[in-house]
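Using my numbering, you'd call the opening residue of the sequence shown number 141 and step up by one each time.
Beta carbons: idealized from backbone N, C-alpha and C, even for Gly.
Down below is the structure, laid out as structure tokens.
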Amino acid sequence: GAYVPIDPEYPAERIAYMLQDSGVSLVLAQSHLALAASAQVLAVDTLDLSGGPDTNPGVELTGEHLAYVIYTSGSTGRPKGAANRHVSLFNRLAWMQEAYALQPGEVVLQKTPFSFDVSVWEFFWPLMQGAVLAVAAPGDHRDPARLIALIEQHGVSTLHFVPSMLQAFLGHGEVERCTSLRRIVCSGEALPEPVQAEVFRRLPEARLFNLYGPTEAAIDVTHWTCREDGHNHVAIGRPIAATHVHVLDAHLNPVPTGVGGELYLGGVGLARGYLHKAALSSERFVADPFDPQGGRLYRTGDRVRWREDGQLEYLGRLD
141 GAYVPIDPEY PAERIAYMLQ DSGVSLVLAQ SHLALAASAQ VLAVDTLDLS
191 GGPDTNPGVE LTGEHLAYVI YTSGSTGRPK GAANRHVSLF NRLAWMQEAY
241 ALQPGEVVLQ KTPFSFDVSV WEFFWPLMQG AVLAVAAPGD HRDPARLIAL
291 IEQHGVSTLH FVPSMLQAFL GHGEVERCTS LRRIVCSGEA LPEPVQAEVF
341 RRLPEARLFN LYGPTEAAID VTHWTCREDG HNHVAIGRPI AATHVHVLDA
391 HLNPVPTGVG GELYLGGVGL ARGYLHKAAL SSERFVADPF DPQGGRLYRT
441 GDRVRWREDG QLEYLGRLD
């Protein structure tokens with residue numbers, strides 16, 4: 141089955157809408173939270189599972205079943221639930237392991253609020269590889285001093301930052317204490333080149349990776365290993381496995397190298413669509429004019445261009 145992460149800090153009206161719109165049948169929560177839910181609510185902090193079986197449940201699933209639904213706030217209207225499939229998530233996690241080779245015994249810090257899709261790989265990638273999952277307390281992701289302490293305490297090798305929080309983290313005077321760091325993964329915003337340079341200077345043992353992807357395409361769809369390449373803007377790279385991208389004009393024609401256009405995504409990573417929103421899904425997930433087999437493309441609304449070196453560069457939103 142699929143899970144729907146709901147942040148208890150959301151306004152009550154938003155929580156109620158997400159519970160109603162998603163149609164969840166079971167809510168896992170802490171006992172102090174008052175939820176106006178028609179579904180069954182289990183308080184996980186008081187639940188006694190000691191008498192339960194120690195074997196995995198027999199659940200019949202295929203790759204086309206939904207794995208998770210994450211609600212995103214559009215520029216207008218109510219939140220919409222991007223419904224992502226198991227096959228899409230597995231492709232993303234398998235690619236990540238092939239690209240970054242997480243080893244058993246390494247430590248991944250899970251600090252992204254679980255209402256954001258980055259949390260999905262933070263949770264499941266280390267568990268799939270027999271690595272250690274260290275879970276930060278809510279709010280720790282905003283506290284550089286606390287993050288430094290956690291990295292030292294657990295010997296964290298891998299963690300994620302949105303670039304603005306990476307910049308705040310680097311502003312702390314004791315970042316150099318984080319000698320265990322080997323991978324810093326960035327996504328969610330454009331990565332400024334000066335921030336990249338600061339990582340190289342302050343944390344020379346860590347590699348920096350810049351990823352790009354919308355919630356509608358299983359977390360990330362392009363990747364770039366950061367390096368000093370003489371460009372003023374950090375690339376978002378090239379597609380991950382089983383993914384293809386197109387940079388198109390308003391008439392769905394490919395644009396030349398160096399010219400900005402809208403980024404369209406295709407491949408196994410695409411979400412099934414928006415939950416219970418067929419019209420909106422048809423508007424954003426369109427027929428692929430380059431695929432005779434009848435595939436789909438997702439219109440990102442992001443403006444990008446191909447660089448001369450064959451890498452994608454993010455230029456901003458079209459709206």
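Between D428 and the set E329, Y414, P303 and L392, the nearest pair of CA atoms involves L392. Taken in chain order, the complete beta strand (DSSP E) segments of 3 residues or longer contained in the segment 225-305 are 247-250, 272-275 and 298-301. By the criterion of at least three beta-carbon pairs nearer than 8 Å, the segment 395-402 is in contact with the segment 436-444. Just measuring C-alpha positions, the residue of E149, G221 and G141 sitting nearest A418 is G221.
In the DSSP assignment, I155 falls outside any beta strand (DSSP E) and lies within the alpha helix (DSSP H) extending over A152 to S162. Counting of Cβ neighbours within 10 angstroms places R424 among the buried residues, the total reaching 16 or more. P303 is a Cβ neighbour of C326, given a cutoff of 7 Å. A straight line joining the alpha-carbon of K251 with that of A390 spans about 39 Å.
Taking every protein chain shown into account, the CB of A277 has fewer than 16 other CB atoms within 10 angstroms, so this residue is exposed.
If you check the CB distance, D185 and S171 come in under 7 Å. When the alpha-carbon of S213 is set against those of Y414, W235, G456 and E448, the nearest one is in Y414. Beta-bridge pairing by DSSP links I210 to A222. For G163 and A234, the gap between their C-alpha atoms comes out near 30 Å.
The way I'd put it, the segment 354-368 does touch the segment 376-385; three or more beta-carbon pairs between them come closer than 8 Å. Under the rule that a run must span 4 or more residues, the alpha helix (DSSP H) segments found entirely inside the segment 361-428 read 418-424. Judged by DSSP secondary structure, Q433 falls outside any alpha helix (DSSP H); it is assigned neither H nor E. One thing to note: N196 has its Cβ no nearer than 7 Å to the Cβ of Y208. Nearest to E149 by alpha-carbon distance, out of A142, L175, Y143 and R436, is L175. If you check the CB distance, R341 and R323 do not come in under 7 Å. For T355, the three-state secondary structure derived from DSSP is helix. Take the alpha-carbon of R412 and the one of W265: they are about 22 Å apart.
Residues H226 of the same chain have their beta carbon placed closer than 6 Å to that of H205, with the five preceding and five following residues left out of the count. Inclusion of I376 and Y352 in the CB contact set at 7 Å is warranted, their separation being smaller than that value.
Burial state of R232 is buried, judged by a 10 Å Cβ sphere holding 16 or more other Cβ atoms.
Closest by C-alpha distance to F256, out of G192, I210 and S178, is I210.
Taking 7 Å as the cut-off, the Cβ atoms of S228 and A358 count as close.
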